[in-house]
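Below is one structure; the comments refer to it alone.
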Amino acid sequence: MTRAYRTSSTMSLQVLAGVLPLDMRAIVTYATFLVLKAQQDITVYSESFRWEDYVQMESPYLTHPAIKDGIGFDWKEPKGEGLEVFTDGSGINDKIGAAMVVLYFGQLIHSERVRLGDNCTVYQTGLVGLKLAAKFILALTATKRVNVYSDSRSALQSLADPTNTHPLVGEVKRLLKRARSERGVFLHWVKAHVGYHGNELADGEAKAATDSP
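Here the sequence shown is numbered in the numbering used here, starting from 152 and rising by one per residue.
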């Protein structure tokens with residue numbers, strides 16, 4: 152594997168092969184257990200790790216396998232008809248924000264934005280935007296059909312995956328399923344920055360959210 156002489160030292164071979172020494176592997180395994188499973192803050196070689204900084208995945212056994220399902224989506228251009236919700240996320244200068252806007256026959260009637268932690272990812276902003284949309288839809292009383300548009304394909308694919316155990320994905324799924332039990336809620340993917348009015352409004356709100364305290 153390394154094509155080294157048999158007289159080469161073990162430490163040299165480990166470096167050449169890219170293999171972590173056993174003592175260091177034991178430290179990594181134990182530290183990972185303490186942070187992710189025991190939820191303890193630790194310090195390894197003067198480097199501190201806080202368990203709250205890491206995503207704690209949901210147990211795959213919370214939902215019976217027979218009823219596990221995803222929430223599908225399709226590609227559809229907005230038509231400016233009825234109630235349309237657009238979501239978006241943004242990251243500027245290490246500042247993260249998410250937003251959603253609501254249009255009724257093409258007219259802006261509501262908007263929400265939220266500033267996220269600097270350690271959040273753009274992927275998470277897509278999910279947070281959909282979470283805002285789901286909560287808004289749950290508060291509706293009369294509308295029978297709502298079209299939700301997002302340019303975050305990764306977030307939509309996560310919702311469509313029945314095996315995804317990310318806690319934020321699970322939370323958004325539960326909210327959307329509640330909303331869909333009351334009215335027709337349909338998820339659509341749209342391309343970003345191609346001139347869709349609602350998507351541009353949501354993008355502007357998400358960028359504005361990055362400047363919030």
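In this text, a Cβ means the ideal position worked out from N, Cα and C, and glycines have one as well.
Specify the secondary structure class of ASP225 as computed by DSSP and reduced to three states.
Residue state, collapsed to three classes: strand.
How would you write the range of the beta strand (DSSP E) that SER332 sits in, first residue to last?
Per DSSP, SER332 belongs to no beta strand (DSSP E) and is neither H nor E.
With DSSP as the reference, please indicate the residues paired to TYR255 in a beta bridge.
Answer is LEU234 and GLN258.
Kindly indicate which three-state DSSP category VAL296 falls into: helix, strand or coil?
The question names Val, but residue 296 is Arg in the sequence shown. Look at ARG296 here: in three-state DSSP terms it is strand.
Quick check on HIS339: does DSSP put it in helix, strand or coil?
It is a strand residue.
Could you pull the DSSP bridge partners for THR194 from this structure?
Note: THR194 sits in a beta bridge opposite SER199.
Only counting the same chain, and skipping five residues up and downstream in sequence, which positions put a Cβ closer than 7 Å to that of GLU235?
PRO229, LEU254, ASN298, TYR300 and GLY349, listed in sequence order.
If we count the other Cβ atoms within 10 Å of its Cβ and call it buried at 16 or more, is GLU198 buried or exposed?
Around the CB of GLU198, fewer than 16 other CB atoms lie within 10 Å, so the residue is classed as exposed.
So, at 8 Å on beta carbons, what are the nonlocal neighbours of LYS219 in its own chain, with the 5 sequence-adjacent residues on each side left out?
The beta carbon of LYS219 lies closer than 8 Å to those of PRO313 and THR314 in the same chain, with the five residues before and after it left out.
Could you check whether the Cβ of LEU259 sits closer than 8 Å to any Cβ belonging to chain D?
Of the protein chains in the structure, only one exists, and it is not chain D.
Closest to ARG304 by C-alpha separation, out of ALA343, ASP192 and ARG331, would be which residue?
Considering only ALA343, ASP192 and ARG331, the residue with the shortest C-alpha distance to ARG304 is ALA343.
Can you tell me where the alpha helix (DSSP H) with ARG154 in it begins and where it stops?
Note, ARG154: premise wrong, no alpha helix (DSSP H); not H, not E.
Using DSSP bridges, identify the partner residues of ILE243.
ILE243 is bridged to LYS246.
In angstroms with no decimal places, state the Cα-to-Cα distance between ALA311 and VAL170.
Looking at the backbone, the Cα of ALA311 and that of VAL170 are separated by about 37 Å.
Give me whichever residues DSSP pairs with PRO301 in a beta bridge.
According to the sequence shown, residue 301 is Ser rather than Pro. According to DSSP, SER301 bridges with THR238 and TRP340.
Sufficient close CB pairs (3 or more, under 8 Å) joining the segment 243 to 260 to the segment 201 to 221
These segments do not touch.
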